[in-house]
Amino acid sequence: MDLSCGWNSAAAADQEEIRRGPWTVEEDAVLAGHVAAHGEGRWNEVARAAGLRRTGKSCRLRWLNYLRPDVRRGDFSPQEQLLILELHFRWGNRWSKIAQHMPGRTDNEIKNYWRTRVQKHAKQLGVDVASARFRDVMRHLWMPRLVERIHAAAAAAAATTTEHATPVDVCHSPDPSTTTSCTAGTSSSTSTSMSVPHNHHLTAMTTSVAEAAADWSGSEQCGSASGGISDDMFEGSWSELLARAYGDDGADSSLLPDMHMAAETGEGWWSFEDIWSQQQY
DNA sequence: AAAACTCTCAACCGCAGGTGG
DNA sequence: ACCACCTGCGGTTGAGAGTTT
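With UniProt numbering, the residue at position 218 of the first sequence is 218, and numbering never jumps.
Following this line, the structure appears as structure tokens:
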């Protein structure tokens with residue numbers, strides 16, 4: 001198998017040349033096999049011992065972002081998107097820290113999501129992604145919108161379940177007090193009804209957020225939340241929104257702005273005018 | 001059909017912090 | 001205390017896929 005792939009002609013003249021660029025299937029197999037046999041860590045040694053002409057850093061990155069068995073791929077669910085926004089509110093560009101609370105997701109993926117999706121739309125709106133204005137947009141429009149989607153998905157799934165009496169791997173219990181495995185930061189039934197795609201991951205996520213909330217003490221209050229500190233801010237956003245999304249009292253649609261989606265985007269974004277008309281909260 | 005453009009994401013880079021000799 | 005090496009993090013880049021013109 002030709003591993004030079006032609007992007008570094010000097011490599012042909014020097015067998016010890018460090019390879020760069022995309023990993024081949026063969027390299028992946030070698031690295032995965034070596035890690036399986038010897039475990040993670042000591043990446044420079046891994047690269048040498050496995051005979052990979054890669055840097056230790058490259059091996060580490062490839063393992064963490066791609067080869068790790070628990071790594072998840074594919075689009076972020078609305079729940080995950082909501083969690084990213086929430087955690088970014090708290091920690092800013094601390095991607096690795098955010099990733100710690102999103103099982104199976106890598107800091108690289110989250111960072112890419114933020115840059116390609118969030119920053120793109122901030123740019124479309126003509127506001128700085130770090131500005132208070134954009135944070136307000138996220139808190140009052142984007143996040144509720146995501147919750148709306150989560151609720152819609154949950155409702156649709158619930159309807160399907162009822163209609164077909166299909167067993168679904170959910171944490172939902174007729175009695176919320178029995179949903180021990182799904183208990184998030186709040187003791188209510190806010191983490192029930194995960195009968196939407198990735199439900200088991202949401203369970204993990206809500207638990208992670210609860211843990212994060214426990215960690216989160218004394219840090220600065222951010223955004224334009226209700227004026228409480230730490231836990232209050234947390235309660236007023238993630239937990240409350242999820243409660244509204246999943247609560248058995250039905251979602252309170254008054255929470256959600258009456259947004260008219262920007263027709264040109266067709267994917268749930270709203271116009272500049274819509275946003276500013278909703279700024280009177 | 002094809003050129004131009006946009007978007008996504010894997011991978012690289014530089015830097016900082018930790019550790020051991 | 002200093003140095004060398006390793007690891008982890010956040011920012012950036014570029015190839016390729018997808019979309020538009």
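Glycine included, C-beta positions come from ideal geometry on N, C-alpha and C.
Environment of residue i [buried if 16+ CB atoms lie within 10 Å]
i: Q79; result: buried
i: A157; result: buried
i: R54; result: buried
i: T203; result: Summary for T203: the model assigns pLDDT 41, below 50, so the residue's position carries little reliability, and this model does not support an answer.
i: P144; result: buried
i: A36; result: exposed
i: A159; result: exposed
i: E220; result: Model confidence at E220 stands at a pLDDT of 31, short of 50, so the residue's coordinates are unreliable; what they give is reported in the following sentence. Flag for E220 reads exposed.
i: Y281; result: Here the model assigns Y281 a pLDDT of 37, short of 50, so the residue's position is not dependable and the matter cannot be decided.
i: L242; result: Note on L242: pLDDT 41, under 50, position unreliable in the model; no value is reported.
Close beta carbons around residue i, own chain, < 7 Å, minus the five adjacent residues each side
i: A50; result: V30, L31 and H34
i: D258; result: In this prediction, D258 scores a pLDDT of 30, lower than 50, which makes its location untrustworthy; the coordinate-derived value is nonetheless stated afterwards. Excluding positions up to five away in sequence, the list is empty.
i: L67; result: D28, L31 and A32
i: W142; result: L85
i: N108; result: N65
i: A152; result: none
Alpha-carbon to alpha-carbon, residue j and residue i
i: R60; j: H38; result: 14 Å
i: R48; j: R19; result: 13 Å
i: K123; j: V129; result: 8 Å
i: D28; j: G21; result: 13 Å
i: S131; j: E17; result: 45 Å
i: W114; j: H140; result: 18 Å
i: H121; j: N112; result: 14 Å
i: I150; j: V46; result: 43 Å
i: F89; j: V127; result: 16 Å
i: W91; j: V118; result: 16 Å
i: T106; j: E148; result: 26 Å
i: N93; j: T116; result: 14 Å
i: T161; j: A154; result: 10 Å
i: S58; j: L87; result: 28 Å
Within 7 Å, strictly: CB atoms of residue i and residue j
i: D70; j: G104; result: yes
i: G56; j: N65; result: no
i: W23; j: R72; result: no
i: L146; j: L52; result: no
Own chain, CB closer than 8 Å to residue i, minus 5 neighbours either side, in chain order
i: I110; result: I84, W95, I98, A99 and M102
i: G74; result: none
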